[in-house]
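Report on the structure given below.
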Amino acid sequence: MTPSYPQTTALSRHTQTKAKFNKQLIALTCAAALSGLVLTNTAHAKTVNVTSPDSHIDISLSDDNGRPEYQIHFNGKPVISPSKLGLVFVQLGELGSEFTIKNVTRNSVDQTWQQPWGERENIRDHYNSIVATLSNGKLDFDIEFKAFNDGIGFRYVVPKQAGLTSTAKLDITDELTEFVIPNPQLTTAWWIPGRGWNRYEYLYRTTTLDKIDRAHTPMTFRTADGVHLSIHEAALTDYAAMVLNQGRDGTLRADLTPWSDGIRVKTQPGFSTPWRTIQIANDAPGLLNSDLILNLNEPNKLGDVSWVQPGKYVGIWWGMHLNENTWGSGPKHGATTSETKRYMDFAAQYGFDGVLVEGWNEGWDGSWFHNGDVFSFTQAYPDFDINAISQYGKSKNVRLIGHHETSGSVTNYRNQMSDAYDLYKKHGVTQVKTGYVADGGDINRVDENGIIRHEWHDGQFMVNEYLHSVTEAAKRGISINTHEPIKDTGLRRTYPNWIAREGARGQEFNAWGSPPNNPEHTAILPFTRMLAGPMDFTPGIFNLAPQGLDAENRVQTTLTKQLALYVVLYSPIQMAADLPRNYVQRLDAFQFIQDVPTDWSDSIAVAGEVGDYVAFARKQRGAEDWYLGALTDEKPRKLTVKLEFLTPEKRYEAQIYRDGKNADWLTNPYDYVIETQVVTAKDSLSLSLAASGGTAIRFKAL
Ligand code: NOJ
Ligand code: CA
């Protein structure tokens, strides 16, 4: 029997009776062990609660039937029904069966910390927490819960202890964590499938929650009452990623991605799991105005990170995706000395910090998807003179941005990593984009391309491999932008040189994806993938239909929606992804890409519904200007935005880039208007968004 909300004021009950309870508990456990009976200590079931500082969220943890379970109420209504907790080990069996609460400690924290770069400068970390020690009389483990105003986090901690001295290693075969969602048939979920060779590069599905089989996180859902929630994890290090697997309708289980030998996590006594997180908000923008994931990560471990620099870049990139150029050598080779210099000239002229060059190194010839083992990360193609290019860049104050595609052969990459990063360091490269394209196949089998894949993209081995590249790069003052990454879990707080990731369907799919990204894709991303952290989506395509409006592969947005993406999809590094020739044809609209910053002192989601539309206002870091980005799915809409985020009494010139009257992504994507207007915080703006359109505004402080 589980006491139901809100009668359980268990903490005080617990504190008073702790000593007595412990004695009873040990006696019961021993009796059960001796008799071989299953322990049913219902009479002694203990429930402890912790509420968020604003009291809206209530978590209760119970050890009913010797099995820990938790439930969550939001504004008095259940949002997570009683859900199991526990871990299963080869060496120990199940931690979670016949374990009861032995001890609870409480804490409350209200502190503010600063991000070296980010969507806001100051982050408030405000929560109440409990650490419950569960015991079966022989072994203890902790479950730690934190209740914030914007959601909750919990994790398991297995401390070193007398009962574990004979066990040097602990192998986890299962995590029993559940998220039981009430009324799954009345709950709408936005999710991508958690199956297959894992790159997270899918279009989102919008279904009732009971239709999910396996889903990656962040998995976002809305209850019949309009409460918005998103399940994810924070601080994923030295552990397997969690995928949500639905058994009974509404019961989502944490399914840990296994090693090739079937073990989920290889660890040792004295470990803690990542935080399992649930963001909870009254409305969709509430999910966006949350720092929960960052707050559940460890502070910066790298010390002075002033060398990590946000900024904008162009690159030898889109031409390859459009097939105008090749990564490999030959007449269409993109990464040549002269082409790089041309991009550096363009970057210098229009104020970009960096030029990304892909396909500069030996190994791309043939089918590069299969070339993981032959890539050299130090040997340039003969037509790419890295010395001359880095000298040229210096003279123009533009940096070369490095690129390492591994095609999933991480051993080859690891073997060359020191030399590769040393080479880049020598040439003044401070940012490297990495890639882990590895398609098809199943674990430990030969994939459709004849390659043996041993470990999953999101298993513990790869979790560690990705972080290894980040910490090795940090030693050389290099930041990493990972493509085909492990999903983001807020580790940029701890390792601020992990400057961006892909980890979702980006712009590249518009060049060759079948189908390309649909109009609602970027109206879902903010509420799902982006809750995890910055994404290198690479916005800013101006030639929206390079093969004509009738071709399948084209960008399914209007031109000003491409501009809005710079504000909506946060990343400290943003690419102007199109070819320079397409920008010089539309210098008026290109002005917005030149102006928009990538580092903010504040960010506010001012409107939005998942999958329909979203509007963000962000304030430039170290300056008075604000920016606004608003976009819609395939439906045209009008949005009224109150400008109350602007500094009171200040006047601003609103430089507005909006869809024209006849704009429509399908038939007329280039119809746009640029106009200005003087505004103050007392004003509202009425935005007209075309079908898959958008508005981008710079509020220039006067
Ligand atoms: C996939 C990345 O997402 C893309 O940006 C890159 O161009 C290719 N891999 C080649 O590395
Ligand atoms: Ca990709």
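The opening residue of the sequence shown carries number 57 in the numbering used here; numbering runs sequentially from there. A virtual CB, placed ideally from N, CA and C, is assigned to each residue, including glycine. Bear in mind that the values here come from a model prediction, so they are computed numbers and not experimental data.
| query | result |
| --- | --- |
| His-524 in three-state terms, based on DSSP | helix |
| Phe-235 - containing beta strand (DSSP E), residue span | 234-236 |
| Start-to-end residues for the beta strand (DSSP E) that takes in Met-275 | 275-278 |
| DSSP beta-bridge partners of Ile-157 | Leu-190 |
| Asp-230 (DSSP reduced to helix, strand or coil) | strand |
| When Leu-242, Gln-641, Val-611, Tyr-492 are compared against Pro-725, the one with the closest alpha-carbon | Val-611 |
| Spatially closest choice to His-112 from Gln-618, Asn-338, Gln-516, by CA coordinates | Asn-338 |
| Contact test: Gly-303 Cβ vs ligand 1 heavy atom, cutoff 7 angstroms | no |
| Ile-457 versus Leu-226, His-510, Phe-408, residue with shortest Cα-Cα distance | Phe-408 |
| Backbone secondary structure at Lys-482 - three-state DSSP | helix |
| N-terminal and C-terminal residue of the alpha helix (DSSP H) that Glu-395 is part of | 393-406 |
| Simplified DSSP assignment, three categories, for Lys-450 | helix |
| heavy atom of ligand 1 below 7 angstroms from His-539 C-beta | yes |
| Within 8 angstroms, strictly: CB atoms of Gly-750 and Thr-616 | yes |
| Simplified DSSP state of Asp-120, which is helix, strand or coil | helix |
| Arg-501 versus Tyr-469: straight-line alpha-carbon distance, rounded | Its pLDDT being 49, under 50, Arg-501 is placed unreliably in this model, and the coordinates cannot settle the point. |
| Backbone CA spacing between Leu-758 and Ser-740 [nearest angstrom] | 18 angstroms |
| Separation of Phe-425 from Tyr-437, as counted between CA atoms | 18 angstroms |
| Contact test: Glu-690 Cβ vs ligand 2 heavy atom, cutoff 7 angstroms | no |
| Other residues of its chain near Phe-646: CB distance less than 7 angstroms, five sequence neighbours each side excluded | Tyr-639 |
| Alpha-carbon spacing of Ile-268 relative to Asp-305, whole angstroms | 9 angstroms |
| Pro-595: first and last residue of the uninterrupted alpha helix (DSSP H) it sits in | Run containing Pro-595: none; DSSP gives neither H nor E here. |
| Under the three-state DSSP convention, the category Ile-442 falls into | helix |
| Beta-carbon proximity check, Ala-530 vs Phe-648, cutoff 8 angstroms | no |
| Which listed residue (Ala-686, Glu-540, Tyr-728) has its alpha carbon closest to that of Glu-564 | Glu-540 |
| N-terminal and C-terminal residue of the alpha helix (DSSP H) that Ala-661 is part of | It is not in any alpha helix (DSSP H) - Ala-661 instead sits in the beta strand (DSSP E) that spans 656-665. |
| Cα-Cα separation between Pro-4 and Asn-205, rounded to whole angstroms | In this structure the chain extends from 57 to 758, so residue 4 is not present and cannot be described. |
| Any non-hydrogen atom of ligand 2 closer than 7 angstroms to Glu-564 Cβ | yes |
| Proximity test, Glu-576 beta-carbon vs ligand 2 heavy atom, cut-off 7 angstroms | no |
| Among Glu-665, Glu-461, Ser-446, Ala-661, the one whose alpha carbon lies nearest that of Gly-484 | Ser-446 |
| Nonlocal neighbours in the same chain, by C-beta distance under 6 angstroms from Val-160, ignoring five residues either side | His-70, Val-104, Ile-186, Ala-188 |
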